[in-house]
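Counting the sequence shown from 1 gives a position; my numbering is that position plus 4.
Working notes for the structure below.
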Amino acid sequence: AGILSPDTGVVQKLGEVTISMLSQEPTFQEEVTVLQQVFQGNSEVFQTLRAYEEAVEKAQLYPQDEALQRALITLTGKMDALGAWDIEADAKNILTKLGITEFKKKMGALSGGQKKRVAMAEALITPSDLLILDEPTNHIDNASVSFLESYLKERKGALLMVTHDRYFLERVTNGILEIDRGKVYSYPVNYGKYLEMKAERMENLMSSERKRKKLLEKELAWIRRGAKARTTKQKATIDRYEDLKGQENLSLQKDLEIKAVSSRLGKKIIELRSVSKAYGELVLLKDFSYLLKKDDRIGIVGDNGMGKSTFLKIMAGKLLPDEGEVLFGETVKVAYLSQEYVIDNEEVRAIEYIKEVAEVVETPEGKISASEMMETFLFTKEEQWTPIHLLSGGEKRRLMLLRMLLEKPNVILLDEPTNDLDIPTLGVLEDYLETFPGAVVTVSHDRYFLDRVAEKIFSLEGLGEINITFGNYSDYEEKKNALEKVLQKEDGQREKLLSKEPKTKAKTKFTYNEQKEFDTIDGKVEGLEEKIASLEEAMVTHSADFEKLQALQKEKDELEALLEEAMERWTYLNELAEELGLV
């Protein structure tokens, strides 16, 4: 994207390649509207759109300003030539699909998630040869992810993206670039095939590493015998040993695994009794009751703004309901991971932060040190001693997640846990939750994660309604689609029945008023067209007289509205005349 420069090497763009990018932390102008933000780009069409919007606002404030009116006429022509009206309609459609409908709302009044979706719309609508997306599925709901999938599949042009959403990768991409220990490996396939090819590559690497080590041991034994480089053959052996020794040690990353640790959990866990919650007229929960079970694996889904995070906060005891109560068992120990993660002291080193909870962890397989636990969560020895403030956002979230799990909870509540986590870490977390002996409740837009973790789906439908589906996310989606088909079929049958109802007796002739209007409608249309043509000639004659021009334009607009109505009546009456056999 040209935002950063490489330490070495050159990045070349072929010809006039245009690039549009969505970053993880996009910047905004707080005082501009949503639509103005979307059209912030430097393309000619965006510049014209901004100039047109500005001219319209000024013309409304100063209607007598001739220069403004002329500028507006010029910009209107330019909008036509560039097809800018279509661009604006497309932008509004994309924003609506992403859950943003208040186009004139100021950016400063939007939530963080809403701002991210506006930035996404800006990236999608900007004309470009290459679209770059950095974690596009973060902070958007499942419906928005589905829309984005469909949009990107149909979009023309190249796409490069960073994402941890595995279903998204599988359905949208046709190539994978893997960065592993400073090297880039290219796989011209989708995610599923990539996993197969990577497994094959790793097997080949392990085979090569075994051979290299065997040869190294042989050469090392020879060197230890004290051989001197007297002959060419002996010198070659020593040189080969030095080469082998200098090669990168392929300490292949083992399958990551973290053993589930938890405290004892009694029979009574968490109970929600007739819980209700609303913000003003926005009802999120209404008289909802549920008794959490020890082996529950619940995924919470719903559109943005439906109250998913609110539901989780109430269950965690972080937020009180308006009505009803939340009861906790005596042995319950809740681990709650929110979307807003804050570490109080970022000056300490990562391993010190973990050791505040436990230096050694007891697992069914034995004791594990804090350092070993960190290694399973992808923290190298060097990274473990890094001050927290130097870690990336994803590394901080991973660190918090590990610390939370090491506190031995027996109920885990996760709010969008997959945000900022990479795919290997997600695999570790999924494996951990699979063996976790307590209850798990998670809000997530990651469909793959929900398929791995959830056995029950709570779908927040709005107006306080929660639908419960047994199964994982794919089961929920299948049942939802089946229900929609049934409803569509019922609507079709209802329309069919209505069409079979006895119809009123068909008309055989015009009514008196219809006949009178039919006889005069042609003349009415012709008369209006002649008046409009006459006005257009007058506008050319008086083009230098601004006040006269305005009056003529107003009269022309009124006549064109009348002509449109007359044409609608002309169409209706002529179609009716054909049905009655009168023409």
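From the three backbone atoms N, C-alpha and C, an ideal C-beta is built for every residue, glycine too.
Source: prediction; values computed, not measured.
Option nearest residue i by Cα separation, candidates the options
i: A443; options: L394, L430, V149 and M319; result: M319
i: V529; options: D495, I273, T575 and Q497; result: T575
i: G87; options: E106, E48 and K120; result: E48
i: I183; options: I427, N349, I129 and E344; result: I427
i: M159; options: I180, R353, Q33 and S132; result: The sequence as given places Arg at residue 159; Met does not occur at that position. Answer by Cα proximity: S132.
i: I77; options: Y56, E139, K483 and E572; result: Y56
i: Y340; options: E387, Q497 and L417; result: L417
i: L395; options: T473, G179, M378 and E350; result: E350
i: K560; options: E534, E579 and E583; result: E534
i: D435; options: F453, Q73 and D424; result: F453
i: G328; options: V279, K290, A225 and L72; result: V279
i: L26; options: S115, A127, Y155 and E153; result: A127
i: P421; options: V14, W89, G398 and K558; result: G398
i: G196; options: N178, E174 and E213; result: E174
i: E518; options: A581, V457 and N485; result: A581
i: F332; options: S342, D326 and G321; result: G321
i: A354; options: L114, E386, L53 and P325; result: E386
i: D424; options: D300, L403 and I302; result: L403
i: M124; options: R401, P30, I7 and T429; result: P30
i: R451; options: K489, G303 and E494; result: G303
i: P325; options: D291, D169 and I358; result: D291
i: G311; options: A374, D419, A63 and E521; result: D419
i: T52; options: Q73, S154, A570 and I91; result: I91
Pairwise C-alpha distance: residue j and residue i
i: E70; j: L553; result: 10 Å
i: E200; j: G475; result: 28 Å
i: L362; j: E438; result: The residue you asked about is not Leu; residue 362 is Ala in the sequence shown. Distance between the alpha carbons of A362 and E438 is about 23 Å.
i: K258; j: D138; result: Note on K258: pLDDT 48, under 50, position unreliable in the model; the coordinate value appears next. Cα to Cα, the separation comes out at about 27 Å.
i: E469; j: D11; result: 55 Å
i: R216; j: M210; result: 10 Å
i: K110; j: A59; result: 19 Å
i: H546; j: L556; result: 9 Å
i: I604; j: L532; result: The displayed coordinates of the chain run from 5 to 587. Any statement about residue 604 would go beyond what the structure contains.
i: T37; j: V336; result: 47 Å
i: Q68; j: A75; result: 13 Å
i: L289; j: L316; result: 11 Å
i: M206; j: A147; result: 36 Å
i: N97; j: Q41; result: 15 Å
i: V414; j: E106; result: It should be noted that the sequence gives Asn, not Val, for residue 414. Cα-Cα distance, rounded: 42 Å.
i: L156; j: N178; result: 12 Å
i: N471; j: S150; result: 20 Å
i: W89; j: K513; result: 44 Å
i: R214; j: E204; result: 16 Å
i: G119; j: L382; result: Note that residue 119 is Lys in the sequence shown, not Gly. If you take the alpha carbons of K119 and L382, they lie about 31 Å apart.
i: Y198; j: E572; result: 59 Å
i: L260; j: L406; result: Only weak support exists for where L260 lies, its pLDDT of 46 falling under 50; the value from the coordinates is given anyway. The alpha-carbon atoms of L260 and L406 are separated by roughly 13 Å.
i: Q28; j: I7; result: 13 Å
i: M4; j: K558; result: Not covered by the structure: residue 4. The range shown for the chain is 5 to 587.
i: Q44; j: E360; result: 47 Å
i: K271; j: P441; result: 13 Å
i: L566; j: E541; result: 19 Å
i: K85; j: H449; result: Going by the sequence as given, residue 85 is Ala instead of Lys. Each residue's Cα considered, the two are about 41 Å apart.
i: R234; j: P391; result: Unreliable positioning characterises R234 in this predicted model, as indicated by a pLDDT of 48, which lies under 50. A coordinate reading is not provided.
CB-CB length for residue i against residue j, believed under 8 Å
i: D307; j: D145; result: 5 Å
i: T141; j: F172; result: 6 Å
i: S2; j: V447; result: Outside the modelled stretch of the chain, which goes from 5 to 587, sits residue 2, for which no answer is possible.
i: L563; j: I525; result: Not really, about 16 Å apart at Cβ, beyond 8 Å.
i: K298; j: I274; result: The pair is not a contact, with the Cβ atoms about 11 Å apart (cut-off 8 Å).
i: I180; j: V188; result: Actually they are not in contact, since the Cβ atoms of I180 and V188 sit about 11 Å apart, beyond 8 Å.
i: V432; j: T380; result: 7 Å
i: K493; j: D300; result: Not quite, the Cβ-Cβ distance comes to about 34 Å (not below 8 Å), so this is no contact.
i: S373; j: Q388; result: No, S373 and Q388 are not in contact; Cβ-Cβ is about 11 Å, not under 8 Å.
Residue-chain proximity (residue i, chain B), Cβ-Cβ < 8 Å
i: L99; result: You won't find chain B in this structure, because it holds only one protein chain.
Practice item. Determine contact between the stretch 8-22 and the stretch 95-103, defined as no fewer than three beta-carbon pairs at a distance below 8 Å. Key: No: fewer than three Cβ pairs fall under 8 Å.
Review point. Fully enclosed by the stretch 359-436, which alpha helix (DSSP H) runs are 4 residues long or longer?
Key: 374-380, 385-388 and 397-410
Review point. Along the chain, which unbroken stretches of the beta strand (DSSP E) at least 3 residues long are found entirely within the stretch 17-89?
Key: Fully enclosed beta strand (DSSP E) runs of no fewer than 3 residues occupy 23-26 of the stretch 17-89, in order along the chain.
Review point. Does the pairing of the stretch 163-171 with the stretch 72-84 give three or more beta-carbon distances under 8 Å?
Key: no
Review point. Does the stretch 302-316 come close enough to the stretch 451-466 that 3 or more CB-CB pairs lie under 8 Å?
Key: yes
Review point. Any contact of the stretch 402-411 with the stretch 362-379, i.e. 3+ C-beta pairs under 8 Å?
Key: yes
Exercise for review: For the stretch 142-226, list the beta strand (DSSP E) runs that are entirely contained and at least 3 residues long, ordered along the chain.
Suggested key: 162-166, 180-184 and 187-191
Check your understanding: Residue ranges of each alpha helix (DSSP H) run of no fewer than 4 residues wholly in the stretch 442-470, ordered along the chain?
Key -> The stretch 442-470 contains these whole alpha helix (DSSP H) runs: 451-457.
Review point. For the stretch 315-363, which segments carrying the beta strand (DSSP E) assignment without a break, of at least 3 residues, lie completely within its bounds, in sequence order?
Key: 327-332 and 338-341
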